[in-house]
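Reading through the structure tokens given below for one structure.
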Amino acid sequence: MHDRTPVAPAWRKSSYSNGQGGCVEVDDMRPGCVRDSKDPAGPVLRFAPPVWSAFVDAIVRGEFGIA
Numbered sequence: 001m002h003d004r005t006p007v008a009p010a011w012r013k014s015s016y017s018n019g020q021g022g023c024v025e026v027d028d029m030r031p032g033c034v035r036d037s038k039d040p041a042g043p044v045l046r047f048a049p050p051v052w053s054a055f056v057d058a059i060v061r062g063e064f065g066i067a
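First residue of the sequence shown: 1, per my numbering; consecutive thereafter.
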């Protein structure tokens, strides 16, 4: 039998956030869940884990010019 107890979010501000309006939080308990830290009650974007991993890997490689 599977435990279907909801997991509480563990939001943390991304290390790529800046003080100029770019504030993103990621949920460490649900990979691929992202929200705007300035609007914590607002919408949450959800990406499939492989898509999210590919996106993060591309950032680390500098493909968007921000790493």
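Built from N, CA and C at the ideal position, the CB exists for glycine as well.
Just so we're clear, the structure is a prediction, and the values are computed from it rather than from any experiment.
Asked                                                                               : Found
Option nearest residue 14 by Cα separation, candidates 49, 54, 26                   : 26
Cβ pair residue 49, residue 62 closer than 7 Å                                      : no
For residue 57, the three-state DSSP class (helix, strand or coil)                  : helix
Anticipated Cβ contact below 8 Å, residue 39 with residue 10, distance rounded      : Not a contact, Cβ separation roughly 18 Å.
7 Å CB neighbourhood of residue 12 in its chain, flanking five on each side removed : 25, 26, 28
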